[in-house]
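Report on the structure given below.
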Amino acid sequence: MLNKKQIRYCLDTMKKMFPEAKGELNHSNPFELVIAVLLSAQCTDALVNRVTEDLFKKYKTPEDYLSVSLEELQQDIRSIGLYRTKAKNIRKLCQVLLDDYNGEVPRTKAELMKLAGVGRKTANVVASIAFNEPAIAVDTHVERVSKRLGICRWKDSVTEVEETLMIKVPREEWSETHHRMIFFGRYHCKARNPNCPECPLLDLCREGKKRMKRAEEN
DNA sequence: AACTCGGGGCA
DNA sequence: TGCCCAGAGTT
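Structure, rendered in structure tokens:
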């Protein structure tokens with residue numbers, strides 16, 4: 001298991017590799033952030049951005065999403081996977097925002113997770129990025145990278161990965177940590193063919209060393 | 001823990 | 001063509 005100093009080195013290195021790693025879902029508007037992250041489930045961020053560019057011009061408020069038919073909203077997000085379910089969830093979510101939250105987006109993880117279509121990851125992203133609440137969003141990239149490097153254990157659940165990161169990463173870096181690890185995971189430490197031979201973190205990477213050794217034997 | 005939803009991107 | 005993708009909900 002990596003210690004705090006080693007983890008800091010990892011995060012600094014990731015920043016050097018992807019200095020532009022800002023996170024494309026970094027909307028200043030909490031409501032738009034909820035919608036964007038909800039839509040992003042199981043599809044690429046580039047696709048979501050393409051759709052939300054037009055979507056957010058047409059729909060500004062929860063009322064706007066409820067003012068059209070379900071079919072019309074589905075058409076507007078048709079190019080995104082799971083669009084039927086997501087359109088239904090957006091309508092449910094907007095209705096709850098109006099009924100229970102005066103049209104505003106709630107700030108805490110617990111409240112966010114009660115919204116339709118908002119699970120652990122979306123709730124964490126919105127709470128941490130939009131409201132700077134204490135949370136680290138662990139998606140598949142963050143989980144994979146954490147486990148390969150040895151920041152956490154292989155068998156850890158998503159909750160355990162989350163807890164470990166919150167303990168070992170300074171509070172003020174939680175939000176940025178999310179984006180750095182996602183870029184690192186998406187473009188370098190990929191699920192299928194991680195670029196271990198050219199990885200600057202190979203020396204301290206548990207999984208990387210294992211893979212290099214295995215490749216050498218073949 | 002395992003399954004389903006699902007169109008687009010990429011090899 | 002076949003496989004995967006910045007997940008959530010249900011069983």
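Heads up: the first sequence runs through residues 1 to 218, numbered per full-length UniProt numbering. Ideal Cβ placement from N, Cα and C applies to all residues, glycine included. In this text the structure is predicted, and so the values were computed from the model without any measurement.
Can you round the beta-carbon distance between residue i and residue j to whole angstroms, since I take them to be within the 8 Å contact cut?
| i | j | result |
| --- | --- | --- |
| Val142 | Val126 | Between Val126 and Val142 the Cβ distance is about 16 Å, and since that is not below 8 Å, they are no contact. |
| Leu93 | Leu115 | 5 Å |
| Val51 | Ile80 | 6 Å |
| Cys196 | Arg211 | 5 Å |
| Lys60 | Asp76 | Contact flag wrong, Cβ pair sits at about 14 Å. |
| Arg171 | Glu133 | Incorrect: roughly 11 Å between the Cβ atoms, too far for contact. |
| Ser146 | Trp174 | Wrong, their Cβ atoms sit about 13 Å apart, outside the cutoff. |
Is it the case that the Cβ atoms of residue i and residue j are separated by a distance below 8 Å?
| i | j | result |
| --- | --- | --- |
| Gln42 | Leu82 | yes |
| Ala130 | Pro62 | no |
| residue 224 | Arg206 | Not covered by the structure: residue 224. The range shown for the chain is 1 to 218. |
| Leu38 | Thr122 | yes |
| Lys209 | Leu202 | yes |
| Ile182 | Ile7 | no |
| Ser40 | Val48 | yes |
| Arg214 | Val158 | no |
To the nearest angstrom, report how far apart residue i and residue j are at their CA atoms.
| i | j | result |
| --- | --- | --- |
| residue 221 | Met17 | Because the chain is modelled from 1 through 218, residue 221 falls outside the range shown and cannot be assessed. |
| Thr85 | Asn218 | 46 Å |
| Asp54 | Glu20 | 24 Å |
| Arg144 | Cys10 | 14 Å |
| Ala46 | Ala110 | 29 Å |
| Lys4 | Lys168 | 5 Å |
| Ala191 | Gly185 | 8 Å |
| residue 219 | Leu165 | Here the chain comprises residues numbered 1 to 218, so residue 219 is not present and cannot be evaluated. |
| Ala36 | Lys155 | 30 Å |
| Asp12 | Asp64 | 42 Å |
| Leu112 | Val118 | 7 Å |
| Glu68 | Asn193 | For clarity, residue 68 is Val in the given sequence; the question names Glu instead. Taking the straight line joining both Cα atoms gives about 44 Å. |
| Val161 | Asp100 | 32 Å |
| Ala87 | Glu32 | 14 Å |
| Leu204 | Phe56 | 43 Å |
| Gln95 | Cys199 | 47 Å |
| Thr44 | Glu163 | 26 Å |
| Glu216 | Lys15 | 30 Å |
| Tyr187 | Arg78 | 27 Å |
| Gly103 | Asn124 | 20 Å |
Between the stretch 164-179 and the stretch 135-149, can you find at least three pairs of beta-carbon atoms closer than 8 Å? yes
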